[in-house]
Amino acid sequence: MRLIRYSRGGAAARTGLVCAVHESCLVELPAPTATAAPADDSGPELLRALARLAPGGDLAVTPRDGEHLPWATVELRPVVERPGKVLAVGCNFVSHRDEALRAGEQLPEPTRPYLFAKMPSTVAADGQDVFVPRGGRCLDYEVELTVVIGSTCRAVAPEEALSHVAGYTVANDLTLREVLFTGQGLFEAKNFDGFLPLSSVLVPTASAGDPRDLRLRTRVNGDVRQSETMAGAYFSCAELVSYASHRMTLDPGDLILCGTPSGVAAFADDPASQYLNDSDRVVAEIEGVASVTSIVRTGGGLSVD
Ligand SMILES: [Zn+2]
39 MRLIRYSRGG AAARTGLVCA VHESCLVELP APTATAAPAD DSGPELLRAL
89 ARLAPGGDLA VTPRDGEHLP WATVELRPVV ERPGKVLAVG CNFVSHRDEA
139 LRAGEQLPEP TRPYLFAKMP STVAADGQDV FVPRGGRCLD YEVELTVVIG
189 STCRAVAPEE ALSHVAGYTV ANDLTLREVL FTGQGLFEAK NFDGFLPLSS
239 VLVPTASAGD PRDLRLRTRV NGDVRQSETM AGAYFSCAEL VSYASHRMTL
289 DPGDLILCGT PSGVAAFADD PASQYLNDSD RVVAEIEGVA SVTSIVRTGG
339 GLSVD
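With positions in the sequence shown counted from 1, the corresponding number in the numbering used here is that position plus 38.
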């Protein structure tokens, strides 16, 4: 089972099921009845839909035969519209560290995750234009398996961590490399508007299997740039959630980006030929599970000057 978040005709976003029969099709879920609606209506809309589908929910025993809608007829929305927190982890793949070392970076082998934050304002929807800030030249892609926190957790062990995860999606952790490399630092390089294209599709934890088997891939104008499974990560999803939960309380709808494998533009033999340019089409995906597409544009009003 996979969930997909969308809106129709400008109405409020809602969550449906990815159709198991037709390609790029979703099945609408019936609106909650008054009795099924939670008294506390807070929390991400998609997590409320997931709870309705779980054992004990009002849709767990209902035949789910709603209207089938081609994705092209709806507006795809990010799985979480405005996450409370977006945590990311630097240098979490052996292959990515190796390519950085080959390019002359000094990166010690990580003994614990290196966490940083992206702002909620970076979130962009599937299919949305993403703008290179004025004066920017080195826009880079990073496909990342993304954990969606499902229930509040604090200081949990790795063995318990995945029980607090609603499921997995995919994001593109966009970076303006020259901002990172010229001293302004990671925070500014990672946090321009739209620098987190986020898929509309969530695969619930129970349907995902072992996350180490999930394959990440990036395509730029059809060319594969990154392709590796989560087995290449230093720290697993469970270890990352556990580690972060020992630093801060994690809340429903928070996102944790689990690192990117080799193949980024910055550490290529000829980086200038690999950075993203106007009109490029970038697809970040978990193979067979979820994807997010971005069209690169210039303009947009922000700048690096
Ligand atoms: Zn269908």
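Even for Gly, the Cβ is constructed at its ideal location relative to N, Cα and C.
Please report the residue range of the beta strand (DSSP E) in which residue 209 lies.
-> 203-210
Could you check if residue 139 is buried or exposed, using at least 16 other CB atoms within 10 Å of its CB as the buried criterion?
-> Residue 139 comes out exposed.
If you pair each beta-carbon of the segment 152-162 with each one of the segment 222-232, do three or more pairs fall below 8 angstroms?
-> yes
Going straight from the alpha carbon of residue 243 to that of residue 275, what length do you get?
-> 11 angstroms
How about residue 304 and residue 141: are their beta carbons less than 9 angstroms apart?
-> yes
Stretch-stretch touch, CB-based, cutoff 8 angstroms, three pairs: the segment 89-109 with the segment 259-278 = Touching, no, given that fewer than three Cβ pairs across the two stretches are closer than 8 angstroms.
Which value, in whole angstroms, describes the spacing of the CA atoms of residue 49 and residue 137?
-> 45 angstroms
Collect the residues with a C-beta less than 7 angstroms away from any heavy atom of ligand 1 and give them in sequence order along the chain.
-> 57, 59, 60, 63, 65, 106
Roughly how many angstroms lie between the CA atoms of residue 145 and residue 134, to the nearest whole one?
-> 10 angstroms
Can you check whether the CB of residue 186 is closer than 9 angstroms to the CB of residue 324?
-> Not a contact, by the Cβ cut-off of 9 angstroms.
Leaving out five residues on either side along the sequence, give the residues of the same chain with a beta carbon under 6 angstroms from the beta carbon of residue 213.
-> 178, 227, 228
Would you identify the three-state DSSP class for residue 110, choosing helix, strand or coil?
-> Three-state result, residue 110: helix.
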